[in-house]
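Enquirer: My questions all concern the structure below.
There are 4 protein chains.
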Amino acid sequence: MTRQLMEEKVFKDPVHKYIYVQDETIWNLINTKEFQRLRRVRQLGTSFMTFHGAEHSRFSHSLGVYEVARRIISQFERNGYADWPKEERLLCLCSALLHDIGHGPFSHSVESVFGTDHEEWTCKLVLGDTEVNRVLTEADPELPKKVSDVICKSYGKEIVVGLISSQLDADRMDYLLRDAYYTGVHYGTFDLERILRVIRPHKGHIVVKESGMHAVEDYLMSRYQMYWQVYFHPVTRSSEIILRKVFERAKRLYEDKHEYQFLMGPLVGLLENKMTTEDYLMLDESYVQMTIMQWSKEKDGILSDLCSRFLNRRLFKYAAVDEIDGMLESELRQGMRACGIDPDYYLEIDYLTELPYDVYRAGNEEESLPIWLLDGKHELVEISRKSDIIRSIGGIHGGKHHIYFPAELLSHAEQCLSPALLRTLGLDG
Amino acid sequence: MTRQLMEEKVFKDPVHKYIYVQDETIWNLINTKEFQRLRRVRQLGTSFMTFHGAEHSRFSHSLGVYEVARRIISQFERNGYADWPKEERLLCLCSALLHDIGHGPFSHSVESVFGTDHEEWTCKLVLGDTEVNRVLTEADPELPKKVSDVICKSYGKEIVVGLISSQLDADRMDYLLRDAYYTGVHYGTFDLERILRVIRPHKGHIVVKESGMHAVEDYLMSRYQMYWQVYFHPVTRSSEIILRKVFERAKRLYEDKHEYQFLMGPLVGLLENKMTTEDYLMLDESYVQMTIMQWSKEKDGILSDLCSRFLNRRLFKYAAVDEIDGMLESELRQGMRACGIDPDYYLEIDYLTELPYDVYRAGNEEESLPIWLLDGKHELVEISRKSDIIRSIGGIHGGKHHIYFPAELLSHAEQCLSPALLRTLGLDG
Amino acid sequence: MTRQLMEEKVFKDPVHKYIYVQDETIWNLINTKEFQRLRRVRQLGTSFMTFHGAEHSRFSHSLGVYEVARRIISQFERNGYADWPKEERLLCLCSALLHDIGHGPFSHSVESVFGTDHEEWTCKLVLGDTEVNRVLTEADPELPKKVSDVICKSYGKEIVVGLISSQLDADRMDYLLRDAYYTGVHYGTFDLERILRVIRPHKGHIVVKESGMHAVEDYLMSRYQMYWQVYFHPVTRSSEIILRKVFERAKRLYEDKHEYQFLMGPLVGLLENKMTTEDYLMLDESYVQMTIMQWSKEKDGILSDLCSRFLNRRLFKYAAVDEIDGMLESELRQGMRACGIDPDYYLEIDYLTELPYDVYRAGNEEESLPIWLLDGKHELVEISRKSDIIRSIGGIHGGKHHIYFPAELLSHAEQCLSPALLRTLGLDG
Amino acid sequence: MTRQLMEEKVFKDPVHKYIYVQDETIWNLINTKEFQRLRRVRQLGTSFMTFHGAEHSRFSHSLGVYEVARRIISQFERNGYADWPKEERLLCLCSALLHDIGHGPFSHSVESVFGTDHEEWTCKLVLGDTEVNRVLTEADPELPKKVSDVICKSYGKEIVVGLISSQLDADRMDYLLRDAYYTGVHYGTFDLERILRVIRPHKGHIVVKESGMHAVEDYLMSRYQMYWQVYFHPVTRSSEIILRKVFERAKRLYEDKHEYQFLMGPLVGLLENKMTTEDYLMLDESYVQMTIMQWSKEKDGILSDLCSRFLNRRLFKYAAVDEIDGMLESELRQGMRACGIDPDYYLEIDYLTELPYDVYRAGNEEESLPIWLLDGKHELVEISRKSDIIRSIGGIHGGKHHIYFPAELLSHAEQCLSPALLRTLGLDG
């Protein structure tokens, strides 16, 4: 049972103006220590190194996702749509609020090294012995399981899952607006109120009415712009790469029994790949940041150099190339070795095709629910079948591959790198 | 010779914050009666009937185009680009300011009936015996001719013409932002400062540097949205159609020697298709609006009805249809006649393919200069060859044809229209 | 009885994003010809001569006042405040929508010459034989009388009157935001949502809860800024003065039996001070604007000169003076006469103390309801007793008196004006 | 000698749109590790606990101050004001950029406990053996000393000092806009471009031209709103108090030889009040945050409880009282002690008069330069002598004193606190 708060609570939010809380359960969830921890995890990882304004946390974003979900549901209720399952309201709101609760610090870099998975951790935190679990259970003993199912997309009702994760979900709607606001990249915005006006529940799906197609095109175009202008910005990629190399090196040193001067609590769990829930909750971005500062003084030259690069923003430079092949990469690695630089830690190539490009494609239905258009004859059509623009957004557009490397270390590398390689890296003049 | 003003003048502008005037010639042009007249001609004609906020005038827009041109040039000068012909600065600014000076009231509707042409009138006003001409001549006796050449696109330097009329010109940049601001349709905005940062003069063209492609995509997407959401809005089309019918009827009555109760000065010139410059300057939107009010009391039933529809916003309804052919149209016309309604004045079909869709297409180079991308090898590529998105914007997207008609007159039309026609018009229940 | 619309109607509005209409009565009122006429009357009269963006109409503003009232009421209802008389909802909405329906063209200038009064006309239109009256009567035969009472502030319930006209009413809240938006003067904005959160009904009044005092200070400060930056801008005053002089001259000529070349319909009624309702509805700003164009060709030199000044924005210049007395004024008038210029039409002095300064003062309770603060002990305190800032806004702040005159006619006036006078007018060099 | 960069560098900034860097010295300063450290110090300390969006760093703010200074100077140069000492440009820019470089983590709380002073540290970092010092020296060996003098307000030219610290300086202009943007409190904004247009150098001062008085009123009003709505928000104060108590307790325990489980590097320096520069640079907010997490597990009950309160946002509640005296405070302390709660760590009273209220007052000339108005007679007048509003902003307005305490620990405190005290604290039901 959810109880209403005596008095509506309000958070001032720069993106949505105000965030409204009416349910006691939501209020109590926000006040758990697991949710408060999200204040210490940035929403955009290392992007602040490119866009200095992007220092916002997953706490802000999670409140925002909750608010978008609340507005969608409130619109559905106000219009009295019969296809909306009213009894799922609290489940939706809790899932929206908690969907990111398992995110650790700098997930992009950390997860790829240690194989942790934030979604898995979210479910662990929701189902485990946590304050969040207690608050949910108090509202309804089945709620933790249901919330976990919604977040892992195994809940039985597509309409509930789709609100939290689909191609047009509360998560994406908040993060696009929020990331645009904090980076200052205003071309990433779209008209949320207009989207709210064109979606509705329909036979178990959330659909877009036909006249709303242009609104969805606008939203997807914003997403496209954010990916290419912000999320894939090479400077951001460069700092992510350095951070990943830090952890790769640290793991290797740990395996090689390096004697760390600084190695405490959750770090051990991390390096051994067996973190307890308590470890996980301790490992926020302050912890990682402070660790990197300590490690910048470790004796291992590679680890300390990488850490100090991250700390003081002395990033790898990048070269953009139209085409690339395995040959080039192996030549480069050889050349760097000849110069005395370990390419395992000082070279990285971003192949365009391997970027985690989450822009709408009709085909990827297995991963995330597509956007359905309700046409004039009341039939559902997948939206890219109607819109040339949406189809065209799916592809890769004249992008380039990027090679990341420490330019200043290679400034006198004529003896180890061929003129062609130097030219490719832009080091020839 | 242009003189600098003793002190920079400033206009507060909601779109560009401030508009800066430094040249005496510009200041004097703004104060001519021909330019002041633009205050009495709305920028978006009858769009205010759909978007009540869109009541802004061509005066505001013209100042805006001037300001965008000024900022572009000032950016070119600040960066010291060698390919920018500095001596053309005043010519560019004057042309930007004056490019719309020949616009009459509700041009869309009026020009199609009387065959007037605002561009032709602009040149007449620039070259004729006007205050504008005197101010230009004072600065440089050749200036009127040059300004007229730039506006008519016959001036020798593409870079000058392109600043005022091309696919990425000061005119479009201002009107998209301004129309979005006044309608409240904020998805029509794009980031002007970002565009300014990616364009530059290059061998006689204005080009976009390759890394700016996404910025241009964003700008063209805004334009696409404005066309489909604002400029082609069926309610706006409906009011334009009524206005055109008013003038068609008035012209016909005049040819038929109808005894007008109200018919003065420039109206006679208009109906006879021979307006003097003085007539033209008198015929602003107040004049037309007041005329329509007078004519709403003329004895001719059709004229007075159409006028009163326009005045009191009792517009034609519209039906959207996927397919349409000549057969349907002729059936409809016959049916309406059988009901005693003259289809010449009470029926109009908007064929999708005939909409004046001015969205970027690579092919239409004869009409307006394309957008050139300066690629990594310093070669020029027409932008749609690089961008799937820009290519996809060019087509017609799942739009519909629209039939406009006076629904309330046809509410009991079962005896004159077939059930199929009634269904098409949405009058079957 | 008010019926709900089958489907909510929506207007896109640049200030409030969307305006929502749920009641059939409201929808029908908007579609009356009397309400549509407001599209042809500008909200800010001649201000567009100073702020070119300020071309918005009373139609937009009236919709905005309605929307603000709707949001206030909807907030009261959502919170279930017992002190809110629910049965007055439709009355409030209709009054908000219609409160300006009697405004004629350029009211400031016209009313002062002919003694017409827009509030009186509003009531005439609501109570007379009009479409508006019919729509109201259909909803409830008593509604026209009630609406008229609310607008004329004689309705029995202060809380209803206060919503439409008080120091913190829907009218002011809309016009401040709207005028700021269209002029581009963004320092005139305040946070409407925040105001909505701090007001509530309380024992027959609308009151502000104590913690909301700073929000009201911010709102009143915006109002203060708008008055001094926009409403009293000397260029606006100059154009108002010229317009008033036009009408004063026209009236005088009419009394003197001048043979007008252009004088039709409602103009006669206006000049004779006996307009019918039909006359009144015809006399919109197009009519006045077109009349001024015609009159710029009348034989009377003064009338034609004043009209052409207005048309082509050749306004009177102004001189700002710290102190002024009757002596100076009479000297000036004498001097102008000596130069052959009629001071009745070419001289005006704006005494600071006579400006219609409608900024909050505690004392003016007779004119408009004060703002009540509900303090910690649940007692009502007039807000300026708590706030130094609000008290300080009330006075006149270092302002100046302004003298308006045709500078170019006085450029060689050394023989008629004393050196001291020339210095005062800034004509001494 | 400052060198220009080959190509202007640009930072995307949400507040100023873009931040432009043209000088190599500025670019190099930004890339020093001392400046990069500012990314790890929040601009608003614990305010993010109240306004979740306020997570921005001093890095962003410092860039912003630089940009405001750059725009002011560029305006002075563009207008060619003779009273502007052009040779001071680089000094001004460096000082603006570096003025906050000595800020440590959560300065408000830390400085009051340990007596550190960020301004002093700024000068140490500028003058000491740092990267910043080397970059400055390279441009001009005298530059470090000059920058330090400007920041400490001992530099000989008031106009240079005033640009960085005065009542209308680049620092305040940026932080008001920035804090408003990130908190979402948009009533804290003012029109920066308008301020730039009304200030100018005049005989060694930066002055405001008389017609700009309203612009300054608007700016000061924003500041007033920010103080009362944001900076003094009781929830923010509550978290600051807890943090201060943490450090007071930690210091006490250290003096009492408590055996810390976690106590490393710079913390020792802090607790002993003798930090080296290296310590100081290490002690960023990550370090403090991580320390607090560790200390939440220390054996001392008070320290661990306070730390866990801060971490999980279980703050002290507050009661607002109109009047307060020493008697009440001592009664409260006694009562708490009787309940077994140590008032040294669990009670705090914010006396209104002791708030660091930095709103404009004419009198405080010794602390910070006043705002001079250049009147019509070209004389300087201190602005509050002309403006009632500015005078009225100076005082304390109907504010309240606040008592902070752990409400949940006092929920059954009837035996230790008198009914009157319980009522005062709002614990009486």
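Going down the list, the protein sequences come from chains A, B, C and D.
Just so you know, UniProt numbering puts 226 at position 226 of the first sequence, and the rest follows in order with no gaps.
Just so you know, UniProt numbering puts 156 at position 156 of the second sequence, and the rest follows in order with no gaps.
Just so you know, UniProt numbering puts 235 at position 235 of the third sequence, and the rest follows in order with no gaps.
Just so you know, UniProt numbering puts 328 at position 328 of the fourth sequence, and the rest follows in order with no gaps.
Ideal Cβ positions, reconstructed from N, Cα and C, are used throughout, including at glycine.
Values in this document were obtained by computation on a predicted structure and should not be read as measured data.
Which first and last residues belong to the beta strand (DSSP E) in which A:Ala-54 is found?
Expert: Looking at the DSSP string, A:Ala-54 is not in any beta strand (DSSP E), and its letter there is neither H nor E.
Enquirer: By Cβ distance below 6 Å, which residues in the same chain neighbour D:Asp-428 in space, the five residues on each side in sequence not counted?
Expert: Correct list, in chain order: Leu-422.
Enquirer: Show which residues of chain A have a CB atom less than 7 Å away from the CB atom of D:Leu-63.
Expert: What D:Leu-63 touches in chain A: His-52.
Enquirer: Is C:Met-49 buried or exposed, if buried means 16 or more other CB atoms sit within 10 Å of its CB?
Expert: Looking at its Cβ environment, which holds 16 or more other Cβ atoms inside 10 Å, C:Met-49 is buried.
Enquirer: Apart from the five residues just before and just after A:Gly-80, which ones in its own chain have a Cβ nearer than 7 Å to its Cβ?
Expert: Within the same chain, A:Gly-80 has no close Cβ partners at all.
Enquirer: Just the Cα atoms here: how many angstroms apart are D:Val-15 and D:Asn-31?
Expert: Looking at the two C-alpha atoms, the distance is approximately 21 Å.
Enquirer: Taking the alpha-carbon of A:Leu-97 as reference, which of A:Glu-8, A:Ile-195, A:Ser-62 has the nearest alpha-carbon?
Expert: Checked all of A:Glu-8, A:Ile-195, A:Ser-62; the closest Cα to A:Leu-97 is A:Ser-62.
Enquirer: Please give me, in chain order, every unbroken run of the alpha helix (DSSP H) with length at least 4 that falls completely inside the segment 194-263 of chain A.
Expert: Within the segment 194-263 of chain A, the complete alpha helix (DSSP H) runs of at least 4 residues are 213-226, 234-255.
Enquirer: Run through chain B and tell me which residues come within less than 7 Å of A:Met-336, C-beta to C-beta.
Expert: Correct list: empty, because the minimum Cβ distance to chain B is about 25 Å.
Enquirer: In this structure, does DSSP put D:His-378 in helix, strand or coil?
Expert: Reduced to three states, the DSSP call for D:His-378 is coil.
Enquirer: Going by beta-carbon coordinates alone, are D:Val-113 and D:Phe-316 separated by less than 8 Å?
Expert: No, the Cβ-Cβ distance between D:Val-113 and D:Phe-316 is not below 8 Å.
Enquirer: Cα separation between residue 430 of chain C and D:Leu-355?
Expert: The structure shown does not extend to residue 430 of chain C, since chain C is modelled only from 1 to 429, so the question has no answer here.
Enquirer: In its own chain, which residues sit with a C-beta less than 6 Å from the C-beta of B:Tyr-404, not counting the 5 before and 5 after it?
Expert: So the qualifying residues of the chain are Ser-238, Ile-241, Phe-316, Tyr-318, Glu-348.
Enquirer: How big is the Cα-Cα spacing for B:Arg-333 and C:Ser-109?
Expert: Distance between the alpha carbons of B:Arg-333 and C:Ser-109 is about 51 Å.
Enquirer: Using three-state DSSP, classify D:His-186 as helix, strand or coil.
Expert: Note: D:His-186 maps to helix in three-state DSSP.
Enquirer: When the cut-off is 8 Å and only beta carbons count, does C:Glu-365 lie next to chain B?
Expert: For C:Glu-365, the predicted structure reports a pLDDT of 48, less than 50, and the residue's modelled location is therefore unreliable. A value from the coordinates is still provided. No, no contact with chain B.
Enquirer: Output the distance between the C-alpha atoms of D:Gly-184 and A:Lys-12, rounded to the nearest integer angstrom.
Expert: C-alpha separation (whole angstroms): 6 Å.
Enquirer: I believe A:Ile-19 touches A:Glu-67 by the beta-carbon criterion, under 8 Å. Please report the beta-carbon distance rounded to the nearest angstrom.
Expert: Contact flag correct, Cβ pair sits at about 4 Å.
Enquirer: Return the chain-ordered ranges of every beta strand (DSSP E) run that is complete within the segment 2-77 of chain A and spans a minimum of 3 residues.
Expert: Counting only runs of 3 or more, we get 4-13, 17-23.
Enquirer: Where DSSP assigns a beta bridge to A:Phe-405, which residues make up the other side?
Expert: Looking at the DSSP assignment, A:Phe-405 forms a beta bridge with A:Lys-317.
Enquirer: Let me confirm a value: C:Pro-144 is counted as buried when at least 16 other C-beta atoms fall within 10 Å, else exposed. Which label applies?
Expert: Buried, since its Cβ has 16 or more Cβ neighbours within 10 Å.
Enquirer: Select from D:Ser-154, D:Thr-189, D:Leu-93 the residue whose C-alpha is nearest the C-alpha of D:Ala-139.
Expert: Among D:Ser-154, D:Thr-189, D:Leu-93, the Cα nearest to that of D:Ala-139 belongs to D:Leu-93.
Enquirer: Could you tell me whether any Cβ in chain C is nearer than 8 Å to the Cβ of B:Gln-261?
Expert: Answer no: the Cβ-Cβ gap between B:Gln-261 and chain C never drops below 8 Å.
Enquirer: Could you say which of D:Lys-257, D:Arg-39, D:Pro-105, D:Glu-329 lies nearest to D:Ala-420 if we only look at CA atoms?
Expert: Considering only alpha carbons, the answer is D:Glu-329.
Enquirer: State yes or no: is the beta carbon of D:Tyr-224 nearer than 8 Å to at least one beta carbon in chain B?
Expert: Not an interface residue.
Enquirer: Under the three-state reduction of DSSP, which class applies to A:Asp-305: helix, strand or coil?
Expert: In the structure shown, A:Asp-305 sits in a helix (DSSP, three-state: H, G or I).
Enquirer: Could one say the Cβ of D:Phe-190 lies closer than 8 Å to chain C's Cβ atoms, at least one of them?
Expert: With 8 Å as the cut-off, D:Phe-190 counts as an interface residue toward chain C.
Enquirer: Could you give the residue range of the alpha helix (DSSP H) that holds B:Met-131?
Expert: Correcting the residue type first, residue 131 of chain B is Glu in the shown sequence and not Met. Residues 131-139.
Enquirer: Name the chain A residues whose beta carbon is nearer than 8 Å to that of C:Glu-193?
Expert: Within chain A, the residues near C:Glu-193 are Lys-17, Tyr-18.
Enquirer: Is C:Pro-201 buried or exposed, if buried means 16 or more other CB atoms sit within 10 Å of its CB?
Expert: It counts as buried.
Enquirer: Would you please verify whether the beta carbon of A:Tyr-187 is less than 8 Å from any beta carbon of chain B?
Expert: Yes - at least one Cβ of chain B is within 8 Å of the one on A:Tyr-187.
Enquirer: Name the DSSP beta bridge partners of C:Trp-295, please?
Expert: C:Trp-295 is not bridged to any residue.
Enquirer: Tell me A:Glu-348's beta-bridge partners as DSSP assigns them.
Expert: For A:Glu-348, which the question treats as bridged, DSSP gives the partners A:Tyr-404.
Enquirer: Counting only C-beta atoms, is C:Lys-12 closer than 8 Å to chain B at any point?
Expert: So, interface residue.
Enquirer: Using the Cα positions of D:Arg-71 and D:Arg-89, report the straight-line distance between them to the nearest angstrom.
Expert: For D:Arg-71 and D:Arg-89, the distance between alpha carbons rounds to 11 Å.
Enquirer: Taking the alpha-carbon of C:Glu-285 as reference, which of B:Met-293, B:Tyr-280, B:Gln-261 has the nearest alpha-carbon?
Expert: For C:Glu-285, the nearest C-alpha among the options comes from B:Met-293.
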